Amino acid sequence: MNNSYIRVEGVNKSFQIGTETLHVLKNIHLTIRSGEMVSIVGASGAGKSTLLHLLGALDRPSGGKIYYQDINVFELEEAKLAQFRNTHIGFVFQFHHLLPEFTALENVMMPLLIRRVSKSVAKEKAHIALQEVGLQARVRHKPGELSGGEQQRVAIARAIINEPTVIFADEPTGNLDTKTGETISDVLCRLNQEHGMMIILVTHNENLAHRAEKIIHLRDGEIEQIEINKNSSRTEDNRSL
Ligand SMILES: Nc1ncnc2c1ncn2[C@@H]1O[C@H](COP(=O)(O)OP(=O)(O)OP(=O)(O)O)[C@@H](O)[C@H]1O
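For the sequence shown, full-length UniProt numbering begins at 1 and goes up steadily by one.
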């Protein structure tokens, strides 16, 4: 059965710096299945974040196509693309971009309020999302009153409130100590295993990278290797690329 959810076909990305063209991603081909947890690893400057941004439809490729099932996302006009992102995708970044003057609950409610969901429904869903990441006791705290790991869990709750199909995370444990980083890794793995959310993440954290069932090694903008992680609890014996 073909259950590929995201299909990347011959994607390139270049940036123009003055008269120079920087070829950051070259001829990327990739398939990511429904429910998969995938990590993208590689040296600094290899193109990991650039690839994640393209996969998450935050930026457009210079060439090639990205399909979500049968939707060619970059053929969508800007407003439709934004709507597509809001409906299907959640983002978690190293620097969580929480709004400092709002409580954890209000930060998590925000994506639903932007979509004009009623305040009472948004509140109820935000409570559930914060419970999901183990922060039910901190709903009234503002970001400055939370630890780094707690702030990151609020960011994850905000990313899952729309019940996205896929979560993109760029260095989600990047500025956290080892133990707090493990808690965040546990939260992401649980969302994948218990709720079937696809998780696609960029990380320099070896432990987190190896909890994914597929590890994409990028080198100088090219896929060097796609490693199927036999040790991942989700890897099935009969999986193929
Ligand atoms: N908007 C941009 N304009 C010009 N060059 C860019 C832009 N974004 C990224 N680059 C360049 O593309 C290359 C890849 O960047 P990217 O952020 O994808 O790397 P990375 O693998 O995520 O690195 P790191 O592990 O250090 O975060 C870098 O050399 C970077 O300078």
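Quick reminder that beta carbons are idealized off the backbone N, C-alpha and C, glycines included. Just so we're clear, the structure is a prediction, and the values are computed from it rather than from any experiment.
Residue i Cβ short of 7 angstroms to ligand 1 heavy atom set
| i | result |
| --- | --- |
| T165 | no |
| K48 | yes |
| V202 | yes |
| E39 | Per the sequence shown, the amino acid found at residue 39 is Ser instead of Glu. Checking every heavy atom of ligand 1 against the Cβ of S39, none is found closer than 7 angstroms. |
| L208 | no |
| residue 243 | Any answer about residue 243 is impossible in this case: the structure gives the chain only from 1 up to 241. |
| F93 | no |
| G174 | no |
| I216 | no |
| G42 | yes |
| L54 | no |
| G18 | no |
Counted within 10 angstroms of its Cβ, other Cβ atoms place residue i as buried (16 or more) or exposed
| i | result |
| --- | --- |
| D186 | exposed |
| R60 | exposed |
| N238 | Confidence at N238 is low in this model, with a pLDDT of 38, below 50, so the placement of that residue should be treated as unreliable; the coordinate-derived value is given next. N238 should be labelled exposed. |
| T103 | buried |
| Q152 | buried |
| K214 | buried |
| E132 | buried |
| P164 | buried |
| N205 | buried |
| L55 | buried |
| T173 | buried |
| M1 | With a pLDDT of 45 at M1, under the threshold of 50, the predicted position of this residue should be treated as unreliable, and no value is reported. |
| I228 | exposed |
Assigned secondary structure, residue i (DSSP; H/G/I helix, E/B strand, else coil)
| i | result |
| --- | --- |
| I200 | strand |
| A57 | coil |
| A209 | helix |
| N238 | Because N238 carries a pLDDT of 38, less than 50, the predicted location of this residue cannot be relied on, and no value is offered for it. |
| K142 | coil |
| A43 | coil |
| L99 | coil |
| T180 | helix |
| D186 | helix |
| K230 | coil |
| E224 | strand |
| E75 | helix |
| N27 | strand |
Spatial neighbours of residue i in its chain, beta-carbon cut-off 7 angstroms, leaving aside the 5 residues before and after
| i | result |
| --- | --- |
| D170 | S49, L52, F93, Q94, V202 |
| S14 | T21, L22, H23, V24, S62 |
Element boundaries [beta strand (DSSP E), containing residue i]
| i | result |
| --- | --- |
| F15 | 4–17 |
| A137 | Note, A137: premise wrong, no beta strand (DSSP E); not H, not E. |
| G63 | 63–68 |
Span of the alpha helix (DSSP H) around residue i
| i | result |
| --- | --- |
| K123 | 119–132 |
| L105 | 104–114 |
| F84 | 78–88 |
| I156 | 148–160 |
Contact with chain B by residue i, beta-carbon distance below 8 angstroms
| i | result |
| --- | --- |
| N107 | Among the chains in the structure shown there is no chain B, since it carries only a single protein chain. |
Cβ-based neighbour list, residue i, same chain, cut-off 6 angstroms, excluding 5 preceding and 5 following
| i | result |
| --- | --- |
| E236 | The pLDDT assigned to E236 is 48, lower than 50, so where the model puts this residue is not dependable, and the model offers no usable value. |
| M37 | N192, I199, A212, E213 |
| R140 | T103 |
Close Cβ partners of residue i (< 8 angstroms) along its chain, the five nearest in sequence each way excluded
| i | result |
| --- | --- |
| R219 | G42, A43, A46 |
| M110 | L99, F102, R158 |
| V121 | L112 |
| L31 | One point to set straight first is that residue 31 is Thr, not Leu, in the sequence displayed. Correct list, in chain order: S4, I6, R7, V8, L241. |
| F84 | A57, Y68, I71, V73, L76 |
| G64 | V8, E9, G10, V11, N12, N27, I28 |
| K119 | M109, L113 |
| N175 | Q94, F95, G148 |
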